[in-house]
Amino acid sequence: MVFAFLFFALVLFYLSVRSFLGGVAFLAFFRSELEKPLTAFAPFVAVIAPCKGLDEGLQENLSALLELDYPEYEVIFVVDDENDPAISVINELKQDTQDKQDGIEITKSNPVNPLHPVKLVVAGRSTDSSQKVENIREAVTQADPRAEVFVFVDSDARPQKHWLRDLVVPLEGKNVGAATGYRWFISRKMTFAGELRSAWNASIASALGPNTNSNFCWGGSMAVRRETWETLNLSERLKGTLSDDFTVTRAMKDAGLEIRFVPQALTPSIENCSIHELFEFTTRQMKITRVYATPLWMLSFFGSTLFCGVMLSAFLIVMLSQSNDLLVRSSIATLAIVSILSVGKAWLRLKAVSLVIPMASRQAIPQLSLWLLAPPLFLWNCVAASLSRTINW
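So in numbering that gives the first Met the number 0, the last spot in the sequence shown is 392, and the numbers never skip.
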């Protein structure tokens with residue numbers, strides 16, 4: 000028993016050290032990328048935003064898309080039902096844009112209209128793909144012929160003004176297939192469920208970085224050249240799939256193209272979260288991962304099982320043992336070292352994220368404490384993902 004515990008404790012210690020060093024690299028990468036000057040690369044862009052229902056803060060999220068610091072782009076909102084309640088918000092934004100445009104005087108000093116075209120597309124109901132995938136496939140056919148880049152954004156994301164420019168710049172490199180950001184959850188009102196979801200999601204965010212071979216695309220903040228999209232026949236490859244993220248990632252890797260993570264494109268999702276929504280969201284992510292990236296799901300299963308097994312065993316040994324033998328001392332050391340490394344990783348990650356999303360700094364206490372509950376939640380998600388083939392979305 001002693002040797003079994005020591006073996007698995009050493010494995011967890013090794014993984015914890017690697018995770019902490021990953022946090023160091025994550026912060027260094029953010030600082031390095033933020034110091035780079037922007038290039039002049041800014042082609043016409045079609046920003047595609049699939050919408051469904053009234054997400055919390057939807058008007059603010061969609062309004063942000065019309066106020067981006069970028070020379071020329073269009074915004075294509077796409078729904079699957081002409082009676083979708085999101086349409087009322089979209090139409091209101093379109094009208095506001097038109098009113099502003101009517102009030103602009105084109106003169107020699109102001110020869111270009113700074114406002115951007117807004118389109119509303121109603122896609123057909125999907126029969127063999129997820130509805131989001133069907134919406135994307137329809138939206139790209141409606142993009143302006145001038146659009147050299149397709150950018151995709153989720154309706155629950157709230158991009159910052161510089162988001163589009165930073166996201167597009169890496170595509171200047173011919174070997175770059177896609178540029179991606181990721182989500183960062185911030186609750187309007189701090190709750191246990193909301194902060195745990197953020198801590199759970201943060202561990203995935205910090206898996207992205209300078210290693211283009213291990214990066215993945217996130218469809219909620221992603222840019223792809225039109226030429227690349229058409230060359231890889233991505234619209235056809237998406238047909239019949241559930242996840243745009245994993246499908247585009249696989250296509251880029253199959254083609255030997257890089258996936259660049261853009262720290263400045265890390266996008267806040269500002270919304271509250273209930274306990275039910277917490278478990279629904281996290282389990283859905285792992286179900287999708289099990290189908291499209293089985294090795295990653297198995298690795299998550301192993302890692303969360305190892306963490307929970309070793310940490311719980313160490314805690315019980317310390318609490319129940321009456322002696323001060325090697326097993327007890329090893330258990331105390333395991334609890335202390337793994338905790339210090341985990342808190343350190345969470346601090347480094349939050350420090351990095353706060354460089355691009357300043358409001359994230361208010362999450363210091365939950366991020367530095369709820370790391371302990373993220374692995375048990377991952378374990379629950381992995382088990383649930385293995386026992387079900389249905390998804391609520």
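Ideal placement from N, C-alpha and C gives every residue a C-beta, glycine not left out. Every value quoted in this text rests on a predicted model; they were computed, and no experiment measured them.
Given residue i as reference, the closest of the options once Cα atoms are compared
{"i": "E133", "options": "L233, Q263, V337 and K173", "result": "L233"}
{"i": "V167", "options": "R136, L37, V247 and K93", "result": "L37"}
{"i": "D143", "options": "F76, Q159 and Y72", "result": "Y72"}
{"i": "P357", "options": "S202, A201, I185 and T227", "result": "I185"}
{"i": "A383", "options": "W296, Q263 and N212", "result": "W296"}
{"i": "S18", "options": "R328, L386, Q321 and F306", "result": "F306"}
{"i": "L265", "options": "V317, G219, L14 and C50", "result": "G219"}
{"i": "A178", "options": "T190, G343 and D165", "result": "D165"}
{"i": "D95", "options": "A201, T282, P116 and I331", "result": "P116"}
{"i": "Q58", "options": "F260, R157, V342 and S312", "result": "R157"}
{"i": "P374", "options": "A254, N200 and D54", "result": "N200"}
{"i": "K93", "options": "E81, N82, I75 and P84", "result": "I75"}
{"i": "V121", "options": "A63, I47 and V152", "result": "I47"}
{"i": "W217", "options": "M251, G180, Q159 and L241", "result": "G180"}
{"i": "R449", "options": "W228, R361, F215 and N271", "result": "This structure cannot speak to residue 449, because the chain is shown only from 0 to 392."}
{"i": "L11", "options": "R361, A39, S338 and I364", "result": "S338"}
{"i": "D127", "options": "P42, L237 and K51", "result": "L237"}
{"i": "A85", "options": "D68, L367 and P49", "result": "P49"}
{"i": "Q141", "options": "L372, V148 and K118", "result": "K118"}
{"i": "L14", "options": "E235, L367, M189 and T304", "result": "T304"}
{"i": "L367", "options": "F278, E194, L298 and E276", "result": "E194"}
{"i": "P169", "options": "V16, Q159, R259 and E34", "result": "R259"}
{"i": "G56", "options": "L33, I89, L315 and S31", "result": "I89"}
Straight-line Cα distance separating residue j from residue i
{"i": "G239", "j": "S129", "result": "8 Å"}
{"i": "Q321", "j": "L340", "result": "28 Å"}
{"i": "F245", "j": "T230", "result": "18 Å"}
{"i": "E403", "j": "R225", "result": "Here the chain comprises residues numbered 0 to 392, so residue 403 is not present and cannot be evaluated."}
{"i": "A3", "j": "M310", "result": "14 Å"}
{"i": "L65", "j": "A359", "result": "23 Å"}
{"i": "T282", "j": "P267", "result": "21 Å"}
{"i": "F377", "j": "L386", "result": "14 Å"}
{"i": "V223", "j": "C381", "result": "31 Å"}
{"i": "V78", "j": "L61", "result": "13 Å"}
{"i": "A24", "j": "G123", "result": "44 Å"}
{"i": "A345", "j": "A63", "result": "29 Å"}
{"i": "N271", "j": "F191", "result": "10 Å"}
{"i": "W379", "j": "T389", "result": "16 Å"}
{"i": "V290", "j": "Q284", "result": "10 Å"}
{"i": "Q97", "j": "Y69", "result": "19 Å"}
{"i": "L369", "j": "F301", "result": "20 Å"}
{"i": "G308", "j": "L5", "result": "12 Å"}
{"i": "A363", "j": "E235", "result": "44 Å"}
{"i": "S312", "j": "I269", "result": "37 Å"}
{"i": "K51", "j": "S87", "result": "12 Å"}
{"i": "S329", "j": "L319", "result": "14 Å"}
{"i": "W228", "j": "N174", "result": "14 Å"}
{"i": "A198", "j": "V352", "result": "12 Å"}
{"i": "A41", "j": "V150", "result": "13 Å"}
Delimiting residues of the beta strand (DSSP E) encompassing residue i
{"i": "A177", "result": "V175 to I185"}
{"i": "V152", "result": "V148 to V152"}
{"i": "R259", "result": "E257 to I269"}
{"i": "K437", "result": "Residue 437 lies beyond the range of the chain shown here (0 to 392); nothing can be said about it."}
Distance between beta carbons of residue j and residue i, contact taken as under 8 Å
{"i": "V44", "j": "A146", "result": "6 Å"}
{"i": "T211", "j": "E257", "result": "4 Å"}
{"i": "F280", "j": "R196", "result": "6 Å"}
{"i": "D155", "j": "D83", "result": "Not really, about 15 Å apart at Cβ, beyond 8 Å."}
{"i": "F29", "j": "P209", "result": "Going by Cβ atoms, the distance from F29 to P209 rounds to 10 Å, so no, they are not a contact pair."}
{"i": "I287", "j": "S242", "result": "5 Å"}
{"i": "A39", "j": "T333", "result": "That pair is no contact at about 53 Å."}
{"i": "K350", "j": "L26", "result": "6 Å"}
{"i": "G21", "j": "S273", "result": "So it is not a contact: roughly 31 Å between Cβ atoms."}
{"i": "L354", "j": "V1", "result": "Between V1 and L354 the Cβ distance is about 45 Å, and since that is not below 8 Å, they are no contact."}
{"i": "V317", "j": "V327", "result": "6 Å"}
Alpha helix (DSSP H) segment containing residue i, residue limits
{"i": "R196", "result": "F191 to A204"}
{"i": "F306", "result": "T293 to L319"}
{"i": "I135", "result": "Q130 to T140"}
{"i": "E393", "result": "Only positions 0 to 392 of the chain appear in this structure, which leaves residue 393 out of reach."}
{"i": "V1", "result": "V1 to E34"}
{"i": "A359", "result": "Counting along the chain, A359 falls outside any alpha helix (DSSP H), and DSSP gives it neither H nor E."}
{"i": "K238", "result": "Unbroken run through K238: none, as it is neither H nor E."}
{"i": "R164", "result": "W162 to V167"}
{"i": "W379", "result": "A373 to L386"}
Residue i beta carbon near the ligand FAD (any heavy atom closer than 6 Å)
{"i": "W199", "result": "By its list of ligands, the structure shown contains no ligand whatsoever, and the ligand FAD lies outside what it can speak to."}
Uninterrupted alpha helix (DSSP H) stretches inside the stretch 42-74 (no shorter than 4 residues): 57-64
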